[in-house]
Amino acid sequence: MRKGIVQLVAIGVVIGVLVTLVAVLFQWLPTSASEEFDRIQDIYWFATVISIAIFSLVSAVVVFSVWKWRVPADDDEDGPPIHGHTGLEMAWTAIPAVLVIAIGVVSAVVLARNGEAGNRPLEVQAIGQQFTWKFVYSDDVTSGELVLPVGQEARFTMTSVDVVHAFWVPNFGQKMDAVPGIETTILVTPKRTGEFTVVCTELCGFGHATMRAKARVVTQAEFDDWLQEQRA
Amino acid sequence: MTATHQASSYGDEYPAHFEPPHGPTRQLLFGPGLVRGGWMAGLFFVLGTLLILGLRWWWSWDPVWETEIVLAIAGMVTAPIGFLAGIGSFDYWLHYISGRPTRPEDHSGHGARSWKDYFRVNTDHKVIGIQYLVTTFFFFTVGGLLAMFFRAELAQPGLQFVDSQTFNGLVSVHATLMIFLFVIPAFAGLANFAVPLMLGAPDMAFPRLNALSFWLLPVAGVMFLASFLAPGGAFGAGWTGYAPLAEGQPLGQTFFNMGVQWAGASSIMTALNFLVTIITMRAPGMTFWRMPLLVWANFTTSLLVVIATPFIAGSQFFVMFDRILHTSFFTPEGGGYVLGYQHIFWFYSHPAVYIMMLPGFGIVSEVISAMSRKPIFGYRLMALSLLGILVLGFSVWAHHMFVAGMADWLRVPMMITTLLIAIPTGIKVFSWIATLWRGRIHLTTPMLFALGFVTMFVIGGLSGIYLGSVPIDIHASDTYFIVAHIHYVLFGGSVFTIFAGVYYWFPKMTGRMYDERLGKIHFWLTFVSFNATFFPMHYVGLRGMPRRVFDYEAAFGDLNFVITIASFVLGVSFIVFVYNIMLSWVRGPIAESNPWRARTLEWQVSSPPPIFNFDEIPQVVAGPYEYGVPGARHAVMSPAKEAPEVHA
Numbered sequence: 001m002r003k004g005i006v007q008l009v010a011i012g013v014v015i016g017v018l019v020t021l022v023a024v025l026f027q028w029l030p031t032s033a034s035e036e037f038d039r040i041q042d043i044y045w046f047a048t049v050i051s052i053a054i055f056s057l058v059s060a061v062v063v064f065s066v067w068k069w070r071v072p073a074d075d076d077e078d079g080p081p082i083h084g085h086t087g088l089e090m091a092w093t094a095i096p097a098v099l100v101i102a103i104g105v106v107s108a109v110v111l112a113r114n115g116e117a118g119n120r121p122l123e124v125q126a127i128g129q130q131f132t133w134k135f136v137y138s139d140d141v142t143s144g145e146l147v148l149p150v151g152q153e154a155r156f157t158m159t160s161v162d163v164v165h166a167f168w169v170p171n172f173g174q175k176m177d178a179v180p181g182i183e184t185t186i187l188v189t190p191k192r193t194g195e196f197t198v199v200c201t202e203l204c205g206f207g208h209a210t211m212r213a214k215a216r217v218v219t220q221a222e223f224d225d226w227l228q229e230q231r232a
Numbered sequence: 233m234t235a236t237h238q239a240s241s242y243g244d245e246y247p248a249h250f251e252p253p254h255g256p257t258r259q260l261l262f263g264p265g266l267v268r269g270g271w272m273a274g275l276f277f278v279l280g281t282l283l284i285l286g287l288r289w290w291w292s293w294d295p296v297w298e299t300e301i302v303l304a305i306a307g308m309v310t311a312p313i314g315f316l317a318g319i320g321s322f323d324y325w326l327h328y329i330s331g332r333p334t335r336p337e338d339h340s341g342h343g344a345r346s347w348k349d350y351f352r353v354n355t356d357h358k359v360i361g362i363q364y365l366v367t368t369f370f371f372f373t374v375g376g377l378l379a380m381f382f383r384a385e386l387a388q389p390g391l392q393f394v395d396s397q398t399f400n401g402l403v404s405v406h407a408t409l410m411i412f413l414f415v416i417p418a419f420a421g422l423a424n425f426a427v428p429l430m431l432g433a434p435d436m437a438f439p440r441l442n443a444l445s446f447w448l449l450p451v452a453g454v455m456f457l458a459s460f461l462a463p464g465g466a467f468g469a470g471w472t473g474y475a476p477l478a479e480g481q482p483l484g485q486t487f488f489n490m491g492v493q494w495a496g497a498s499s500i501m502t503a504l505n506f507l508v509t510i511i512t513m514r515a516p517g518m519t520f521w522r523m524p525l526l527v528w529a530n531f532t533t534s535l536l537v538v539i540a541t542p543f544i545a546g547s548q549f550f551v552m553f554d555r556i557l558h559t560s561f562f563t564p565e566g567g568g569y570v571l572g573y574q575h576i577f578w579f580y581s582h583p584a585v586y587i588m589m590l591p592g593f594g595i596v597s598e599v600i601s602a603m604s605r606k607p608i609f610g611y612r613l614m615a616l617s618l619l620g621i622l623v624l625g626f627s628v629w630a631h632h633m634f635v636a637g638m639a640d641w642l643r644v645p646m647m648i649t650t651l652l653i654a655i656p657t658g659i660k661v662f663s664w665i666a667t668l669w670r671g672r673i674h675l676t677t678p679m680l681f682a683l684g685f686v687t688m689f690v691i692g693g694l695s696g697i698y699l700g701s702v703p704i705d706i707h708a709s710d711t712y713f714i715v716a717h718i719h720y721v722l723f724g725g726s727v728f729t730i731f732a733g734v735y736y737w738f739p740k741m742t743g744r745m746y747d748e749r750l751g752k753i754h755f756w757l758t759f760v761s762f763n764a765t766f767f768p769m770h771y772v773g774l775r776g777m778p779r780r781v782f783d784y785e786a787a788f789g790d791l792n793f794v795i796t797i798a799s800f801v802l803g804v805s806f807i808v809f810v811y812n813i814m815l816s817w818v819r820g821p822i823a824e825s826n827p828w829r830a831r832t833l834e835w836q837v838s839s840p841p842p843i844f845n846f847d848e849i850p851q852v853v854a855g856p857y858e859y860g861v862p863g864a865r866h867a868v869m870s871p872a873k874e875a876p877e878v879h880a
């Protein structure tokens with residue numbers, strides 16, 4: 001049986017390495033452009049490590065068992081009458097419990113940090129309407145394009161004039177529905193300049209797929225100029 | 233089919249409770265059946281229409297003719313009732329109510345004497361089980377074709393074949409058919425066939441109710457499909473039908489609102505039937521701790537159905553009332569609360585995920601134990617973990633709403649309960665692989681699908697952990713990552729287990745064996761093309777492609793093309809299944825009564841089973857999975873001759 005365990009571990013390691021290669025060779029997440037998304041990516045990798053371990057374990061046992069204990073169709077013997085094992089059953093109740101609670105705690109901490117507004121964030125109102133976005137910076141500045149200064153926390157207050165929409169910039173990793181009748185909020189702290197896309201992710205009718213807007217992250221000076229320009 | 237010969241004698245012994253109409257023509261027109269169902273549906277449609285027009289005219293409402301209201305009431309309430317009355321679902325009850333004599337032991341509508349009996353109201357749970365499966369696989373085919381159609385559209389960015397509203401309709405009807413007309417009722421069909429046999433019962437507790445539950449399904453299915461004919465096209469607000477989008481949709485949305493009522497009523501009635509059957513009709517000695525895990529799974533599922541389904545019924549009625557009665561449950565202008573819809577909807581639709589999974593857990597437990605020749609590892613913990621999922625399943629619905637703008641404080645508690653569900657689910661997965669350990673493994677087609685399920689479901693479960701974590705969900709919600717996740721759970725999970733169950737019980741249902749080689753080809757084609765279709769969706773989703781879009785960024789073009797090709801192969805793999813099943817049903821080799829040498833009761837009777845299942849009531853003496861225990865038996869079939877020896 002010792003030889004069997006070694007073989008099982010070998011299969012598990014091979015599967016683990018293959019899955020790890022899939023996880024690291026492809027860039028599964030968009031390059032982060034916000035501080036919030038950096039923290040989200042940390043949990044993503046934490047969950048990925050756990051997932052690789054569990055998937056490798058389960059599939060290794062399945063592959064190993066079939067390889068080792070497969071019998072021809074006319075075999076008519078039974079296996080050993082093993083009904084259970086209290087220690088094992090306790091282990092596979094307790095260990096996953098610890099793992100998921102760890103993910104839960106990490107997630108709750110990140111959620112709290114991503115929801116903490118610092119001092120005087122830039123207030124932007126985002127209004128969804130079939131099938132456009134409108135960004136209101138102040139009474140006299142309204143834009144169809146989202147422009148944000150880099151490094152400055154922005155708080156979006158969202159609503160919709162018709163149906164439910166959802167505001168998402170993949171590189172910011174932050175998303176929130178714009179719901180008619182209520183206001184919702186979300187924080188984004190852009191950490192690099194560049195051009196991104198605002199995507200609507202809640203089915204909102206026949207134009208849903210085309211409900212996109214441009215998002216630009218610029219330096220504070222460029223942002224101030226842009227605001228002036230809009231006012232003029 | 234062989235069942236017919238065994239059945240014929242009963243029809244003569246037990247005459248029908250009332251005289252059939254005289255003469256073949258009158259019998260055809262006025263006897264219960266599809267012809268009477270057809271004209272009565274028409275008649276009731278006219279009656280419903282006249283009622284509405286009469287009332288509107290009486291109150292001088294303008295216009296007297298309002299298409300949506302006529303369709304909703306006459307088309308989707310009275311006409312289906314006419315159809316159900318016509319095929320004879322209510323005949324016995326109406327006779328009873330009207331005071332005419334009825335025979336309690338009337339079995340004229342029980343069992344199939346010819347293939348035609350499958351198109352009638354039949355009270356035999358084995359016939360109903362097959363009726364369910366054939367019907368649900370029909371809708372599976374339609375739903376799959378719809379999916380291939382919109383996958384063709386998605387092969388390239390931009391619009392090629394259909395307009396955007398039609399695209400939304402295809403996506404919505406695909407999901408609706410797969411959920412309400414395939415996964416949920418296919419499990420109900422398998423359980424209908426297997427559960428009474430496994431319990432040692434002659435039938436379900438309420439056979440007439442069972443027949444009615446089945447006939448509600450085609451009503452719902454036709455309604456969903458007919459929405460394509462409605463002006464404005466099929467309902468296009470997704471299977472989730474979020475308000476207020478659904479309230480401003482064209483007429484097709486009403487077909488969804490009402491179709492869900494019929495499918496839901498079918499589910500609830502079947503679930504009640506299962507509960508009463510499992511509680512009251514167990515054979516002597518069949519304690520709860522000796523029930524096969526499939527029975528446990530359906531017991532738990534039925535509790536979920538009975539408690540949760542009224543919520544989706546309510547949510548769809550409210551949307552329809554907003555649409556046609558101008559109430560404002562979910563319209564903010566009238567003081568309605570938009571998120572209220574999502575809360576009510578998910579209070580059903582999250583438990584529904586377990587309704588669509590737990591029966592599969594049961595099937596896989598049966599298959600893995602029988603094919604590994606070993607007792608299920610940790611039987612009691614397996615049953616208890618089902619109950620754990622049942623309880624936790626009602627406390628997680630708002631994890632579908634992490635980005636919906638609901639009360640902030642709800643997020644963390646719902647995240648914790650969601651993550652905790654991984655524990656009972658993990659127990660099940662680990663127990664299955666422990667059952668394999670040191671077994672004598674027969675790699676038959678049902679076993680391949682069961683093992684395919686275990687590995688694929690783990691992927692679906694692990695992507696569920698990502699989505700359970702609120703911050704990751706904020707990024708991944710409403711993207712193709714969700715589409716990948718639900719297909720790993722519902723296709724790699726539920727559909728694989730349905731295939732496992734169909735292959736496993738096929739010899740019992742038909743008395744014939746399927747072709748093992750074709751079964752294996754079917755499995756490998758499905759397994760590979762399934763992964764090629766759905767695994768890349770994780771990637772495009774995380775990278776930024778939202779779900780339910782006909783157009784997307786050009787960067788995702790290549791992968792979407794690959795996905796589309798893979799989805800076509802997946803479609804082709806299903807043809808192998810259909811060919812195998814149809815051919816084997818007609819001329820497969822005659823099956824033994826117990827080809828898997830399984831211990832549960834359905835395998836201790838002939839294939840197909842006798843019309844009332846057991847010639848003598850079995851006496852259950854031990855658990856159902858005592859493989860390898862010398863001399864152990866699950867039941868003895870003739871208690872008078874053999875003294876029951878109690879194990880366990």
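Protein chains in written order, with our numbering: chain C, 1 to 232; chain B, 233 to 880. Cβ atoms here follow ideal geometry from the backbone N, Cα and C, with glycine treated the same way. Please read all numbers here as calculations on a predicted model, not as lab measurements.
Beta-ladder partner(s) of residue i, from DSSP
| i | result |
| --- | --- |
| residue 155 of chain C | C/123 and C/187 |
| residue 128 of chain C | C/133 and C/160 |
| residue 174 of chain C | C/169 |
| residue 213 of chain C | C/198 |
| residue 141 of chain C | C/138 |
| residue 466 of chain B | B/484 |
| residue 34 of chain C | C/190 |
Chain C within 8 Å of residue i, Cβ atoms only
| i | result |
| --- | --- |
| residue 794 of chain B | no |
| residue 671 of chain B | yes |
| residue 778 of chain B | yes |
| residue 388 of chain B | no |
| residue 858 of chain B | yes |
| residue 719 of chain B | no |
| residue 675 of chain B | yes |
| residue 397 of chain B | yes |
Proximity test, Cβ basis, 8 Å: residue i and chain B
| i | result |
| --- | --- |
| residue 88 of chain C | yes |
| residue 70 of chain C | yes |
| residue 73 of chain C | yes |
| residue 92 of chain C | yes |
| residue 177 of chain C | yes |
Check: residue i C-beta below 7 Å from any heavy atom of the ligand ADP
| i | result |
| --- | --- |
| residue 88 of chain C | For the ligand ADP, the structure offers nothing, since it holds no ligand at all. |
Residue environment, residue i, which counts as buried when at least 16 other CB atoms sit within 10 Å
| i | result |
| --- | --- |
| residue 6 of chain C | exposed |
| residue 404 of chain B | buried |
| residue 814 of chain B | exposed |
| residue 415 of chain B | buried |
| residue 219 of chain C | exposed |
| residue 424 of chain B | buried |
| residue 807 of chain B | exposed |
| residue 348 of chain B | exposed |
| residue 133 of chain C | buried |
Interface partners of residue i on chain A, CB under 9 Å
| i | result |
| --- | --- |
| residue 775 of chain B | Absent from the structure: chain A. Protein chains present are C and B. |
Task: the region 8-20 of chain C contacting the region 46-61 of chain C, beta-carbon criterion three pairs below 8 Å - done: Counting Cβ pairs under 8 Å, three or more are found: they touch.
Task: Contained alpha helix (DSSP H) runs [length at least 4] in the region 706-759 of chain B, N- to C-terminal order - done: Complete alpha helix (DSSP H) runs here, min 4: 712-721 and 728-742.
Task: Touch test, the region 577-592 of chain B against the region 534-541 of chain B, Cβ-Cβ under 8 Å, three pairs minimum - done: Contact holds: three or more Cβ-Cβ distances are below 8 Å.
Task: Three or more C-beta pairs below 8 Å linking the region 156-166 of chain C and the region 459-479 of chain B - done: By the Cβ rule, the region 156-166 of chain C counts as touching the region 459-479 of chain B, because three or more pairs are nearer than 8 Å.
Open item on the list: For the pair the region 563-575 of chain B and the region 505-518 of chain B, tell me if three or more CB-CB distances fall below 8 Å.
Closed with: Output reads no: the region 505-518 of chain B does not touch the region 563-575 of chain B.
TODO: Could you tell me whether the region 704-721 of chain B touches the region 762-773 of chain B, using the rule of 3 or more Cβ pairs below 8 Å?
DONE: Using a C-beta cut-off of 8 Å, the region 704-721 of chain B makes contact with the region 762-773 of chain B, since at least three inter-stretch Cβ pairs fall below that distance.
- [ ] Just list the beta strand (DSSP E) runs in the region 416-481 of chain B, keeping only unbroken ones of 3 residues or longer that don't cross its boundaries, in chain order.
- [x] Qualifying beta strand (DSSP E) stretches: none in this window.
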